[in-house]
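S.K.: Below is one structure. I have some questions about it.
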Amino acid sequence: MSVWDDLDLLLDSPSSFTVTSGARGTVKDKANFKVEEDVSALRTAIEGVGTTEKTLVEVLTQRSNAQRQLIAKAYEKATGRKLAADMEGDTHGDFEDVLVALVTAPAIYDCQEVIKAIKGAGTTESTLTEIFASRSNRQIKVLSEAYLAALVEYKSISKKTLQESIESEMSGDMESLLVAVVKCVKNVPAYLAERLFKSMKGAGTTESDLTRIIVSRSELDLLDIRAEYKKLFGSSLYTQLESEVSSSYGDALKRLCGQDN
């Protein structure tokens, strides 16, 4: 039996990946959601003299991804421009990254992160391990479909299936992936709390990990990740973010995280 077969068995185990979307997230559907008002606010923030970053944070971190997708669609219809493209043109650095992540559909975002990890300067095995260990069967299936669609759109991606790409890029790291999957079968929030802690430990913060985990889990189980973080490391995730990240980027992450009660 191959390592990938072992992984399939773990993914199919009854105890794994029982998180229900929205059940333990910090971000919920906004009540009395009015897409036209949000589009207008975003246009004013982006098209005015100087981008109003506070408005971008307030709107995009306080809407569910489904609502943000409606905003993006209405924005493109009203302006003829893609919202993500305008974010990339008007903001920069880590703040740009978190905003683009917020307006991207979850499966597409995961796909982009996988492609970035595989095609960058050296495969980022820890990113691949995190994504494939912590996603549900259904999420991985949709991610695989998005990856196949990307093969058609991006000519620079090698013509391999998602599984073939992972096997070729992570040949020496499959043991780490299996260990991570076992941890996730036991406790996904604890595994991701460890990832967050490591991303802020030592000299420098790994912003890409912070962005990916907080955005991708904000509607799933970030409340549980916060609880595990406090249990494991003795301080709240929000407090740690306050000391590690700043400016509008930090504001966006803290709004997504929310303060512990």
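Sequential numbering from 4 applies to the sequence shown in the working numbering.
Beta carbons are placed, not taken as given, at the ideal position from N, Cα and C, and that holds for glycine.
Pick helix, strand or coil for residue 210, following the three-state DSSP scheme.
M.R.: Three-state result, residue 210: helix.
S.K.: Of the choices 201, 153, 137, whose alpha-carbon is the least far from that of residue 235?
M.R.: When only C-alpha atoms are compared, the closest one is 201.
S.K.: Answer with buried or exposed for residue 189, where buried requires no fewer than 16 other C-beta atoms within 10 angstroms of its C-beta.
M.R.: Residue 189 is exposed by the Cβ-count criterion.
S.K.: Expressed to the nearest angstrom, what Euclidean distance is found between the alpha-carbon atoms of residue 223 and residue 118?
M.R.: Taking the straight line from one Cα to the other gives about 23 Å.
S.K.: Taking C-beta to C-beta, are residue 244 and residue 257 nearer than 9 Å?
M.R.: Yes. Within cutoff.
S.K.: How should residue 105 be labelled, buried or exposed, when 16 other C-beta atoms within 10 angstroms of its C-beta is the threshold for buried?
M.R.: By the 10 Å Cβ count, residue 105 comes out buried.
S.K.: Label residue 219 either buried or exposed according to how many other C-beta atoms from any shown protein chain fall within 10 Å of its C-beta, with 16 as the threshold for buried.
M.R.: Under this definition residue 219 is a buried residue.
S.K.: So, are the CB atoms of residue 134 and residue 27 less than 9 Å apart?
M.R.: Cβ atoms of residue 134 and residue 27: not closer than 9 Å.
S.K.: To test your reading of the DSSP string, which unbroken alpha helix (DSSP H) runs of 4 or more residues are found completely within the segment 90-158?
M.R.: Counting whole runs of 4 or more residues, the segment 90-158 contains the alpha helix (DSSP H) stretches 96-105, 109-122, 128-137, 140-156.
S.K.: Exposed or buried, which one is residue 158 when buried takes at least 16 other CB atoms within 10 Å?
M.R.: Here the model assigns residue 158 a pLDDT of 49, short of 50, so the residue's position is not dependable and the matter cannot be decided.
S.K.: At the level of alpha carbons, what is the spacing between residue 249 and residue 139?
M.R.: Between residue 249 and residue 139, the C-alpha separation is close to 32 Å.
S.K.: In this structure, does DSSP put residue 251 in helix, strand or coil?
M.R.: The answer is helix: DSSP assigns residue 251 an H, G or I state.
S.K.: Can you list, in chain order, the residues of its chain whose CB lies under 6 Å from that of residue 87, leaving out five sequence neighbours each side?
M.R.: Contacts found: 103, 106.
S.K.: Tell me the rounded alpha-carbon separation between residue 193 and residue 230.
M.R.: So the alpha carbons of these two residues sit roughly 9 Å apart.
S.K.: Which residue's Cα is closest to the Cα of residue 90: 65, 60, 66?
M.R.: Nearest option by C-alpha distance: 60.
S.K.: Pick helix, strand or coil for residue 66, following the three-state DSSP scheme.
M.R.: Residue 66 falls in the coil class under three-state DSSP.
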